[in-house]
Amino acid sequence: MIALLETLPPGVLLCFVAALGLVFGSFVTLASARIPQGDSIVHTRSRCPSCLHVLGFRDLLPLFSWLLQQGRCRYCKVKIHFRYPLIELIQMVLFLSCYFVAGISFEFIVLALLSVMLLILIVIDFEHKIIPDGLQIAMAIVGVVYHVMHSGIDIALVIGPLSGFASAMALRLLFSWWKEQEALGLGDVKFLAVAGLFLTPELIIPFLLMSGVIGIATAMVWQKVSGEKEFPFGPALAASLFLCVLLPEQYNEAYRQLISWLAE
Ligand SMILES: [Zn+2]
Numbered sequence: 006m007i008a009l010l011e012t013l014p015p016g017v018l019l020c021f022v023a024a025l026g027l028v029f030g031s032f033v034t035l036a037s038a039r040i041p042q043g044d045s046i047v048h049t050r051s052r053c054p055s056c057l058h059v060l061g062f063r064d065l066l067p068l069f070s071w072l073l074q075q076g077r078c079r080y081c082k083v084k085i086h087f088r089y090p091l092i093e094l095i096q097m098v099l100f101l102s103c104y105f106v107a108g109i110s111f112e113f114i115v116l117a118l119l120s121v122m123l124l125i126l127i128v129i130d131f132e133h134k135i136i137p138d139g140l141q142i143a144m145a146i147v148g149v150v151y152h153v154m155h156s157g158i159d160i161a162l163v164i165g166p167l168s169g170f171a172s173a174m175a176l177r178l179l180f181s182w183w184k185e186q187e188a189l190g191l192g193d194v195k196f197l198a199v200a201g202l203f204l205t206p207e208l209i210i211p212f213l214l215m216s217g218v219i220g221i222a223t224a225m226v227w228q229k230v231s232g233e234k235e236f237p238f239g240p241a242l243a244a245s246l247f248l249c250v251l252l253p254e255q256y257n258e259a260y261r262q263l264i265s266w267l268a269e
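The following block contains the structure:
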């Protein structure tokens, strides 16, 4: 399959990756709505949440259905929120960035799968303030594949998750003792253990610090947009992990700049 795709002209391949991103983007919307309810993500037909009409092929074309129907349900004409096409567009951009970094390869499949899971995490955590265990397990499986692909089977497969878990747990205890409030939820702590599969142990501290900075930035925007005081930390961790895995050199450079700026 990969060999077959490699024979396609670059422009066609680019369109293929973009289209695949849009399709997975609509899967992200579906999965992030169904996983917190405990519904199956494969076996039930999609319905309009307002009139409950079963949606057909024409209604389910990512982005294009929304554009062609001018952002409304074809049956009851109720407005469909722009977040649906937005999630599809974001997933498309994520797939294209994986393609620019890894080309069409097994690495691309692993990175693209990770991006899908992280985007599902971001949507669910913003909406429900949880990171479901099933999603963590799926990411851990991708993490093991990623780790074995890059470093083979070694001791870091155990030490990575353990150091992620230990540093997150330490931070959680420190914050609850200092501020008497929960800064890192248990879902975030488990996610840090999963992230340890993608990161080498010495990257854990830079990762936490960079995530903190991304977290502060997103919290300020989120509180402006939503008016909510409570801010989930999972989206910042997810965005930080994706950047670190996709562009490790640039990520490290940004970390060094941050440290020298803090030291001044
Ligand atoms: Zn409808």
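The opening position of the sequence shown corresponds to residue 6 in our numbering, with each subsequent residue numbered one higher.
Beta carbons are placed, not taken as given, at the ideal position from N, Cα and C, and that holds for glycine.
Assignment of Lys84 by DSSP, reduced to helix, strand and coil, places it in the strand class. Taking the C-beta atoms as reference points, Tyr151 is found no nearer than 9 Å to Pro211.
A straight line joining the alpha-carbon of Ile164 with that of Ala171 spans about 10 Å.
Across the set Ile109, Leu35, Pro54 and Ser37, the C-alpha of Ile109 shows the shortest separation from the C-alpha of Leu19. In this structure the region 220-233 does not touch the region 202-209; the number of beta carbon pairs closer than 8 Å is below three. Per DSSP, the continuous alpha helix (DSSP H) segment holding Val230 begins and ends at Ile209 to Ser231. Taking 8 Å as the upper bound for CB-CB distance, Ala36 and Ile125 are in contact here, some 5 Å apart. Around Cys56, the same chain offers Cys78, Tyr80, Cys81 and Val83 as residues with beta carbons nearer than 8 Å, after the five sequence neighbours per side are excluded. Between the region 214-225 and the region 243-257 there are three or more inter-stretch CB-CB distances shorter than 8 Å, so the stretches are counted as touching. In the three-state reduction of the DSSP assignment, Val59 falls in the strand class, which pools E and B.
Shortest gap from the CB of His58 to any heavy atom of ligand 1: under 8 Å. With respect to Val149, Leu162 sits close: the two C-beta atoms are nearer than 9 Å.
For Cys78, there is no enclosing alpha helix (DSSP H), as DSSP gives it neither H nor E. DSSP places His155 in the uninterrupted alpha helix (DSSP H) bounded by Asp138 to Ser156.
Between Ala145 and Val199, the gap from beta carbon to beta carbon is short of 9 Å. Not one heavy atom of ligand 1 falls within 8 Å of the beta-carbon of Tyr89. Proximity of the beta carbon of Ser51 to ligand 1 is not indicated: no heavy atom of the ligand is located closer than 8 Å. Judged by the Cβ position, Ser55 qualifies as a neighbour of ligand 1 at the 8 Å threshold, a heavy atom of the ligand being closer than this. Counted as a single uninterrupted DSSP element, the alpha helix (DSSP H) harbouring Ala175 occupies residues Ala161 to Trp183.
In this chain, Ala188 is not harboured by any alpha helix (DSSP H), its DSSP state being neither H nor E. According to the DSSP assignment, Thr34 belongs to the alpha helix (DSSP H) that extends over Pro15 to Arg39. Boundaries of the alpha helix (DSSP H) around Arg261: Pro253 to Ala268. Between Thr223 and the set Leu213, Phe238 and Leu214, the nearest pair of CA atoms involves Phe238. By the Cβ criterion, the region 20-32 is in contact with the region 97-109, since at least three pairs of Cβ atoms, one from each stretch, lie closer than 8 Å.
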